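*Asks:*
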Amino acid sequence: MTWPDDTVIVNLQGDEPLMPLENIQRVAAMLVETSSADIATLMEPLDRAVADEPSIVKVVASETGRAQYFSRAAIPAHAAGREAAPLFRHVGLYAYRAGFLRQFVTWPPASLELSESLEQLRALAHDVHIQIELAPKPVPAGVDTEADLEAVRAHMASGG
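Here is the structure:
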């Protein structure tokens with residue numbers, strides 16, 4: 001890859017075929033606006049009723065919009081007798097700086113990355129700043145199961 005280090009590259013994961021254009025534009029703009037970040041991504045509120053579903057990647061972020069951890073488990077946990085903190089689902093959309101990607105591919109997989117099967121944990125293991133914010137537009141259901149695929153096909157066939 002011969003692009004300059006500061007070139008912004010957007011990666012829309014294949015399991016998010018109905019991603020709104022506004023979200024794609026926003027994730028790229030976030031990276032341009034946040035010079036300390038090497039990755040930008042989005043999240044959405046998550047209903048606690050589906051928090052234990054491992055196909056849904058959950059994320060915890062700081063008050064300043066820095067991703068702190070991603071997991072297939074329900075995070076943060078809800079302690080008995082305490083008010084439940086909001087849950088967020090990670091959206092399969094990233095913006096990267098080209099220079100960062102050249103570094104990233106040289107790093108071996110991190111133990112948490114292997115445990116959770118989430119590549120962004122390799123970046124966190126190397127203290128990479130991942131900027132995250134709420135998606136500006138709701139993200140329609142992704143494709144994680146055969147049933148999801150059929151639902152997306154039906155949506156697209158109906159002109160949606």
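Under my numbering, the first residue of the sequence shown carries the number 1, and numbering increases by one thereafter. All C-beta atoms, glycine included, are put in the ideal place defined by N, C-alpha and C. These numbers were taken from a predicted model, which means no experiment stands behind them.
Okay, do the stretch 111–118 and the stretch 27–40 touch, 3+ Cβ pairs below 8 angstroms being the bar?
*Replies:* Touching, no, given that fewer than three Cβ pairs across the two stretches are closer than 8 angstroms.
*Asks:* Looking only at its own chain, which residues have a Cβ that is under 6 angstroms from the Cβ of aspartate 52, when we skip the five neighbours before and after it?
*Replies:* Correct list, in chain order: Ala74.
*Asks:* Under a three-way DSSP split, which group does histidine 90 fall into?
*Replies:* DSSP places histidine 90 in strand when its eight states are reduced to three.
*Asks:* Just verifying my parser: in three-state terms, what is the DSSP assignment at isoleucine 39?
*Replies:* Looking at isoleucine 39 - three-state DSSP - the assignment turns out to be strand.
*Asks:* Roughly how many angstroms separate the alpha carbons of glutamate 133 and alanine 154, rounded to a whole number?
*Replies:* Whole-angstrom Cα-Cα distance: 30 angstroms.
*Asks:* I'd like to confirm the pairing. Which residues does DSSP put opposite glutamine 131 in its beta bridges?
*Replies:* Per DSSP, Ala40, Arg66.
*Asks:* Leaving out five residues before and five after leucine 46 in sequence, what residues of the same chain have Cβ atoms less than 6 angstroms from its Cβ?
*Replies:* Correct list, in chain order: Leu87, Phe88, Arg89.
*Asks:* Around the C-beta of glycine 92, are 16 or more other C-beta atoms found within 10 angstroms, so that it is buried, or is it exposed?
*Replies:* Buried, since its Cβ has 16 or more Cβ neighbours within 10 Å.
*Asks:* Can you check whether the CB of glutamate 44 is closer than 7 angstroms to the CB of valine 139?
*Replies:* Yes, the pair counts as a contact, with Cβ atoms nearer than the cut-off.
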